[in-house]
Amino acid sequence: MRAPLLSVIVEMPGMHADGARPLAIAIHGGAGVIDRTQMAPEREASYLAGLSAALDAGYSILERGGSSLDAVADAVRLLEDDPQFNAGRGAVLTHDGEAELDASIMDGAGPRAGAVAGIRHVKNPIGLARLIMDKSPHVMLIGQGAEKFAREQGLEFVPNTYFRTPYREEELQRAIHRERHSDKGAPAPGTITGTVGAVALDRAGNLAAATSTGGMTNKRYGRVGDSPIIGAGTYANNESCAVSATGSGEFFIRSVVAYDIHALVQYKQLSVQDAAKEVVQVKLKRAGGDGGIIAIDRAGDIVLEFNCEGMFRGARDSRGRRDVAIY
Ligand code: ASP
Numbered sequence: 014m015r016a017p018l019l020s021v022i023v024e025m026p027g028m029h030a031d032g033a034r035p036l037a038i039a040i041h042g043g044a045g046v047i048d049r050t051q052m053a054p055e056r057e058a059s060y061l062a063g064l065s066a067a068l069d070a071g072y073s074i075l076e077r078g079g080s081s082l083d084a085v086a087d088a089v090r091l092l093e094d095d096p097q098f099n100a101g102r103g104a105v106l107t108h109d110g111e112a113e114l115d116a117s118i119m120d121g122a123g124p125r126a127g128a129v130a131g132i133r134h135v136k137n138p139i140g141l142a143r144l145i146m147d148k149s150p151h152v153m154l155i156g157q158g159a160e161k162f163a164r165e166q167g168l169e170f171v172p173n174t175y176f177r178t179p180y181r182e183e184e185l186q187r188a189i190h191r192e193r194h195s196d197k198g199a200p201a202p203g204t205i206t207g208t209v210g211a212v213a214l215d216r217a218g219n220l221a222a223a224t225s226t227g228g229m230t231n232k233r234y235g236r237v238g239d240s241p242i243i244g245a246g247t248y249a250n251n252e253s254c255a256v257s258a259t260g261s262g263e264f265f266i267r268s269v270v271a272y273d274i275h276a277l278v279q280y281k282q283l284s285v286q287d288a289a290k291e292v293v294q295v296k297l298k299r300a301g302g303d304g305g306i307i308a309i310d311r312a313g314d315i316v317l318e319f320n321c322e323g324m325f326r327g328a329r330d331s332r333g334r335r336d337v338a339i340y
């Protein structure tokens, strides 16, 4: 006779009443000055459709038992392909009129990370960040070297013009005009919005985060923002939370935003909501940084926090939540 099976139910944070583990995903498409009065209804609907497509694609991976890493990578890839957002096709342009792309991804198990900066011809920078994490001994590769590695890995290449859209060309001209006519003679920062990112929690309890961007309109000299900097624009750790940021990158780097939120959760046992509030609404604001973050903790609690007018964002979880919003 077989011995009776001893069933041990291990309580997991956020576990559902039927014992199922929570699933959650959140995405963003950038934060900043998003003027509601200037936004045509069709444009608003189109942004919300783009966000919904990425959100649902990521969530369906989680629902099928896929990993949070696959979910964030796929959601970000779709947002890179969507020309409305500042990542991949439709990225903002440098002073010289080119797209220069940055991205990073982090696996909360390990943790492990991959990042890429200043690339010009890889169609999906997030795919390259993932390969750097999975197939190289490094965390971050830049420029030509990164593209050489991408070629060896067989990634899809495109001419730089693929990324350029008429909207971004006009935006660059406006930024150059503002810079020439600014009384201080200092470079005007240009519009910052449209960076994309995703965070997710999968059935195995693994957290992941990914961020991708063209950076800042009218940038020069190989400027790199927070998005590909692990700890600033992206961070994930299974012991605390996953975070993806968007906003004025220099401030996010100086404030080490994503890692700071993780540290408050892990070492001070703050809830991810309180940690995000402290960093985004108090510390970052005091320093003069505009923007926001999306985060998910081990229990599947989602936080969408920003200190500016709006953040393109979406959230979906196994408790039935599903929303996309801008303001
Ligand atoms: N954080 C990005 C950067 O500074 C820009 C953005 O989020 O819109 O490169």
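Residue 340, in our numbering, is where the sequence shown stops; the numbers in between run on with no holes.
The beta-carbon is built from N, C-alpha and C at its ideal position, and this holds for glycine as well.
The structure displayed is predicted, hence computed values, not measured ones.
Counting along the chain, A62 sits inside the alpha helix (DSSP H) bounded by residues 54-76. The Cβ atoms of G246 and S117 sit closer than 9 Å to each other. Around the C-beta of K232, 16 or more other C-beta atoms lie within 10 Å, and the residue is accordingly described as buried. Listed as beta-bridge partners of H41 by DSSP are G210, R326. Classified as exposed, A58 has fewer than 16 neighbouring CB atoms from the shown chains inside 10 Å of its CB. Runs of the beta strand (DSSP E) spanning 3 or more residues and lying entirely within the segment 242-288 occur at 247-249, 254-260, in chain order.
Where M146 is concerned, the enclosing alpha helix (DSSP H) starts and stops at 138-148. Within the segment 174-200, the alpha helix (DSSP H) runs of at least 4 residues that lie entirely inside it are, in chain order, 179-194. Beta-bridge annotation (DSSP): D48 is not paired with any residue. Contact between the segment 313-332 and the segment 42-54 is present, with at least three C-beta pairs closer than 8 Å. Taking 9 Å as the cut-off, the beta carbon of R311 is found closer than this to the beta carbon of E252. The beta carbon of F319 sits closer than 6 Å to those of A44, G305, all from its chain and outside the five residues before and after it, given in chain order. D310 carries a strand assignment under DSSP once its states are collapsed to helix, strand and coil.
Distances taken from the Cβ of N231 to the heavy atoms of the ligand ASP include none shorter than 8 Å. When distances are taken from the beta-carbon of G304 to the heavy atoms of the ligand ASP, the shortest one is below 8 Å. The distance from the Cβ of G79 to that of L214 is about 12 Å, inconsistent with a contact at the 8 Å cut-off.
Residue nearest to G244 within the set S81, G228, L283, V269 is V269 (criterion: CA-CA distance). Counting only the Cα atoms, A211 lies some 12 Å from A70. Rounded to whole angstroms, the gap between the alpha carbons of L277 and R193 is 42 Å. Checking the 8 Å criterion, the Cβ of F325 is out of range of every heavy atom belonging to the ligand ASP. In this structure, S195 keeps its C-beta atom at 9 Å or more from the C-beta atom of A100. The beta carbon of L106 sits closer than 8 Å to the beta carbons of A112, R177, R181, E182, E184, L185, G227, T230, N231 from its chain, once the five residues preceding and following it are set aside; these are given in chain order. For E184, the shortest C-beta to heavy atom distance toward the ligand ASP is 8 Å or greater.
A straight line joining the alpha-carbon of A308 with that of T174 spans about 33 Å. Per DSSP, S81 is one residue of the alpha helix (DSSP H) stretching across 81-94.
A distance of 9 Å or more separates the beta carbons of I38 and L64. Taking the Cβ of F265 as the reference point, at least one heavy atom of the ligand ASP falls within a distance shorter than 8 Å. Under the DSSP assignment, F98 falls outside any beta strand (DSSP E); it carries neither an H nor an E label. In the structure shown, L106 falls within a coil segment according to DSSP collapsed to helix, strand and coil.
In the three-state scheme derived from DSSP, where H, G and I count as helix and E and B as strand, G158 is classed as helix. Inclusion of T206 in the 8 Å shell around the ligand ASP follows from its C-beta lying nearer than that to a non-hydrogen atom of the ligand.
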